[in-house]
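To start, the structure under review is shown below, and the notes come after it.
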Amino acid sequence: MHRDSAIAAAIQFMLIFLTVYVSANYYVYSWFQRAFGWRFFSVQTLIFILFIASLPVIERSLHRSSWQLTASIVAIPAYVWILCLLWFFFGGLIADLWNLAIRLASLALKRPLPLQIPARMLLLVLAVWSALAIAWGLTEVRRLRVTNIALSTPKFPAGTQPVRIMQVTDLHLSSMTSAPRLDRVMRAIHDSNPDMLVLTGDMLDFTGPQAASLMAQFKPVIPPLGKYAVLGNHEFYTGSEACAVLIQDAGFKLLRAESVRVPPAGGLSNLVVAGVDDPLRFANNGAYTSEDAALPRGVTGDYVIFLKHQPLVSEKAQGRFDLQISGHTHAGQIFPFRFVVGLFYKYMSGLYSLPSGGSLYVSSGAGTWGPPVRVFAPPDVTIISIGPAQ
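The sequence shown begins at 752 in this note's numbering and counts up one residue at a time.
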């Protein structure tokens, strides 16, 4: 990928993020004004709010500039602010809608209804919720689950042993959160001893010697049916070619709009794995996102596993794979963001039967993006067991 394309993609992402972020900060600030009036409006207060609100941007800048220790210190208040902002924003929005409904009902009934939510009460409730939810999220993020999924297919000969595929996705390795997170994943891999290991994107949020050292932990893992990977959108924010080298050096076959036939084993000779890059706009990777090029044409006796970062099923792909394995959504990661993500992704998490035939499995992911917490969206890796139909 050309450097200018990567820069354009990063700029587009940051512009969208900053627009939403600034708007959310202003909205939450308006609730404090309602609660405390113009006493809350002062130069000192505005300076403090601007400073605390800018911490997430400062943290990312320090992180990219290799000021890792400083970035780690700044990250603590930055992530606390982001989490509180998220919950205060959604809480305020719900309260505004409720209060509007009460006002309309009062007008219709021609009498006041004493059911409106006072601003100070709302802020107190949200402050208590934020403290409890952060404590919960810091605990939940460390509880990596191994999710087991069982599928059957008439394409596998009777009597063959099920193929056990482990999916790891959305680990988001970085200089600040990587080692313990990766340790939990590696223990799950060794304990599960899968026949095949697949990575479905967003594994890396940084590159360099430390990233190489972390990815090298995958190298001794040699499943009998191989290791396969695709690139997610964060690999393009980070630098796709550098990430591709790290993934390949760890022993993975990186599938970029291509498919490979898995070497025959255990009586199976019809297993195919296909994969594409994440189709990130401005990434200039169109040649590597072609699902038409990656997937077999026509009806075959092969069982086709399709690795694709985002859980989207395109028209060109319909009917051309037996199982699509995806991630990306994090199952929302932080309540109630799941409902927002659900507006953009029909397939959020779990196993789905597709109308065109075949199945789609979406993992919740093993890591986090942004605040290193998960609230009611526990991290997971998945074992997908595929056996012959009975």
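The beta-carbon is built from N, C-alpha and C at its ideal position, and this holds for glycine as well.
Tell me the rounded alpha-carbon separation between residue i and residue j.
i	j	result
Glu1009	Ile1134	23 Å
Gly1118	Val949	16 Å
Leu874	Gly888	20 Å
Val1075	Met872	For clarity, residue 1075 is Gln in the given sequence; the question names Val instead. Cα to Cα, Gln1075 sits roughly 47 Å from Met872.
His985	Leu924	10 Å
Asn1021	Phe907	8 Å
His753	Pro1062	Here the model assigns His753 a pLDDT of 46, short of 50, so the residue's position is not dependable and the matter cannot be decided.
Trp838	Thr770	18 Å
Leu1102	Thr796	48 Å
Met947	Val1013	10 Å
Val972	Leu1105	32 Å
Ser774	Tyr1096	23 Å
Ala909	Leu1019	11 Å
Ile940	Trp818	32 Å
Phe768	Gly1049	42 Å
Thr1051	Lys970	33 Å
Ser1115	Ala884	19 Å
Pro931	Phe802	31 Å
Leu848	Val1011	53 Å
Met765	Ile824	22 Å
Gln1141	Asp1053	18 Å
Would you call the CB atoms of residue i and residue j closer than 9 Å?
i	j	result
Thr989	Leu955	yes
Ile798	Asn776	no
Gly1078	Thr951	yes
Ile1217	Ala886	Nothing in the structure corresponds to residue 1217, since the chain is present only between 752 and 1141.
Arg894	Pro1130	yes
Gly1017	Lys978	no
Asn899	Ser1136	yes
Leu858	Ser1110	no
Ala822	Leu813	yes
Leu806	Cys835	no
Asn963	Asp934	According to the sequence shown, residue 963 is Ala rather than Asn. Not in contact: Ala963 and Asp934 (Cβ atoms no closer than 9 Å).
Thr904	Pro1122	no
Val1092	Ile1056	no
Val897	Ser943	yes
Lys1067	Leu1046	yes
Leu1144	Ala870	The displayed coordinates of the chain run from 752 to 1141. Any statement about residue 1144 would go beyond what the structure contains.
Quick one: residues in its chain with C-beta nearer than 7 Å to the C-beta of residue i, no 5 flanking neighbours on either side, listed in chain order?
i	result
Gln961	Ser926
Gln1069	Ser1107
Ser1065	Glu1042
Pro945	Arg915, Ile916, Met917, Pro974, Ile1134
Gln912	Gly1017
Within its chain, find whatever has a CB closer than 6 Å to the CB of residue i; leave out the 5 residues flanking it on each side and keep chain order.
i	result
Leu831	According to the sequence provided, residue 831 is Val. The question's Leu does not apply to it. There are no such residues.
Phe1086	Val1126, Phe1127
Val1124	Gly888, Leu889, Val892
Ala1044	Ala1008
Gln968	Met937
Tyr1039	Arg1007, Ala1008, Asp1028
How is residue i classed by DSSP in three states: helix, strand or coil?
i	result
Ser1020	coil
Asn899	strand
His753	Confidence in His753 is poor, its pLDDT being 46 and thus under 50, which makes the residue's placement unreliable; the coordinate value appears in the next sentence. Note: His753 maps to coil in three-state DSSP.
Pro1139	strand
Glu1009	strand
Phe1033	With a pLDDT of only 48 at Phe1033, under 50, the local geometry of the prediction cannot be trusted, and no value is derived from it.
Phe888	The question names Phe, but residue 888 in the sequence shown is Gly. Looking at Gly888 - three-state DSSP - the assignment turns out to be helix.
Ala1191	Residue 1191 is absent from the model: the chain starts at 752 and stops at 1141.
Leu848	helix
Gln795	helix
Arg915	strand
Gln1075	strand
Tyr778	helix
Phe839	helix
Val876	helix
Val1113	strand
Met947	strand
Phe907	coil
Val808	helix
Report the CB separation of residue i from residue j in whole angstroms; it is logged as a contact under 8 Å.
i	j	result
Gly843	Tyr772	In fact, because the Cβ distance is near 15 Å, the residues do not count as touching under 8 Å.
Ala829	Glu810	5 Å
Gly1026	Leu1006	3 Å
Met966	Leu922	No, Met966 and Leu922 are not in contact; Cβ-Cβ is about 10 Å, not under 8 Å.
Leu1031	Phe1072	21 Å between Cβ atoms; not a contact.
Quick one: does the C-beta of residue i sit closer than 8 Å to a heavy atom of the ligand NAD?
i	result
Gln1069	Looking at this structure, you won't find the ligand NAD or any other ligand, since it has none at all.
Can you list, in chain order, the residues of its chain with a C-beta nearer than 8 Å to that of residue i? Leave out the 5 residues immediately preceding and following it.
i	result
Arg1089	Ala1082, Gly1083, Met1099, Phe1127, Ala1128
Arg854	Gln867
Val936	Leu895, Val919, Leu922, Ala1117, Val1132
Val981	Leu950, Thr951, Gly952, Leu1005, Leu1006, Arg1007, Gly1026, Val1027, Asp1028, Asp1029, Leu1058, Lys1059, His1060
Thr958	Thr989, Gly990, Ala993, Cys994, Leu997
Ile833	Pro807, Gly1121, Pro1122
Ser881	Leu834, Cys835, Trp838, Phe839
Any beta carbon of chain D sitting closer than 9 Å to that of residue i?
i	result
Tyr1096	Absent from the structure: chain D. Only one protein chain is present.
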